[in-house]
Amino acid sequence: MVSQINRGENPPLDSLFIECFNLSKEVYLATEGAFDISAAPFFDIWGFGFSNKGEITQCTIDSLMQFVGMDKLSIAYDSASNASYLQKDDPRMKVNFNAIAQGYSCDYICRGMEKMGIENYLLEVGGEILCKGVNPKGKEWSVGIDKPIDGNFIPGEQVEAVIQVSGKGLVTSGNYRKFYVVDGEKYSHTIDPRIGYPVKHNLLSATVIAPTAAMADAYATYLMVIGLEKGKEFLSAKEDMDALLVYGEQDNLKVYSTPGVKSRKIQQ
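Under this note's numbering, the first residue of the sequence shown carries the number 21, and numbering increases by one thereafter.
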């Protein structure tokens, strides 16, 4: 369905798309546009999307900005066909749900598991996690947080910390696996949709613990966009969300965590 929409088609929307879209719109509004599924053109031109990297100039970024912004997207119901459709201010607009879809998939699957009466579980989809109850030892689930150093491509091989969690979604976003270097400068896949450029700050990874995996997924991305100091300020006002932030330099990692995080550092 997303591929159809990005090709300029207008298919009827199913309930999964609508729910994920509405969750994305909620975060878009709460973050004042720092989380935006319509930023697909920026991911494409920087080489992190569905097409080859393009030539990047400020003029190009400015021209793409007209296609970005969830305020230009809405869902409309058509009574004649008894179906809902995505309305775009410009038919060339595209969407990219990569920053929330896997977390949403966790939530959706776990709702089904709970209907089956499953009370203790940990479900992981592409690194995004939702867990409930206890592990086989009768304790909270333990989740390893990868050390966010460049080249750490194998999950669990190099671990920075272990978090104990239950009844929550847990998602880590970082810039240590998807990036490239040009003329000695690193360009990460975390792009600020408000300006169209990859972020440049010392926050290396953000692990968010939230009531749902979709919210943990979206806000982990948001924290990676806004960086460490603004991230701390944001988290201080969130009673239903905790986070572990790893920042600093590749050879000098530092950790900030909110009071609700139960974790232990791994010495390697």
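Glycine residues also receive a C-beta, built at the ideal position from the N, C-alpha and C atoms.
P32 and Y105 have their C-alpha atoms roughly 5 Å apart.
Between the alpha carbons of A60 and T210 lies a gap of roughly 12 Å.
In this structure, D127 places its C-beta atom within 7 Å of the C-beta atom of T232. Residue state for D109 is assigned as coil, using DSSP reduced to three classes.
With fewer than 16 neighbouring CB atoms inside 10 Å of its own CB, K274 falls in the exposed class. In the DSSP assignment, the residues bridged to K206 are V201. The segment 201 to 220 makes no contact with the segment 174 to 191; the number of CB pairs closer than 8 Å stays below 3.
Excluding the 5 residues flanking it on each side, I76 has same chain C-beta neighbours closer than 8 Å at I65, W66, in chain order. Here the alpha carbons of M244 and Y48 stand approximately 15 Å from one another.
Closest in alpha carbon position to G74, among E269, F62, Y141, is F62.
For A263, the uninterrupted beta strand (DSSP E) segment begins and ends at 262 to 269. Taken through DSSP and simplified to helix, strand or coil, G123 comes out as helix.
Sorting G28, G280, R214 by C-alpha distance to the C-alpha of R112 places G28 at the top.
Between L248 and N222 a beta carbon distance of about 6 Å is seen, short of the 8 Å cut, so the two are scored as contacting. T278: not part of any alpha helix (DSSP H); DSSP gives it neither H nor E.
Put simply, the backbone Cα of R284 is about 23 Å away from that of Y239. Restricting attention to beta strand (DSSP E) runs no shorter than 3 residues, the segment 39 to 109 encloses them at 93 to 98, 103 to 108, ordered along the chain. When DSSP states are grouped into helix, strand and coil, N272 belongs to the strand group. Here I120 is buried. Its C-beta has 16 or more other C-beta atoms within 10 Å. Assigned with DSSP and collapsed to three states, D237 falls in helix. DSSP places L150 in the uninterrupted beta strand (DSSP E) bounded by 148 to 152. Considering only N42, A54, K114, S83, the residue with the shortest C-alpha distance to S23 is K114. Per the DSSP secondary-structure output, R284 pairs in a beta bridge with V182.
In this structure, the CA atom of A236 is about 22 Å from the CA atom of I138.
Taking L150 as reference, the option from E39, D110, Y124, N42 with the minimal CA-CA separation is Y124. Secondary structure of E253 (DSSP, three-state): helix. Closest by C-alpha distance to K258, out of G268, I229, I246, E269, is I229.
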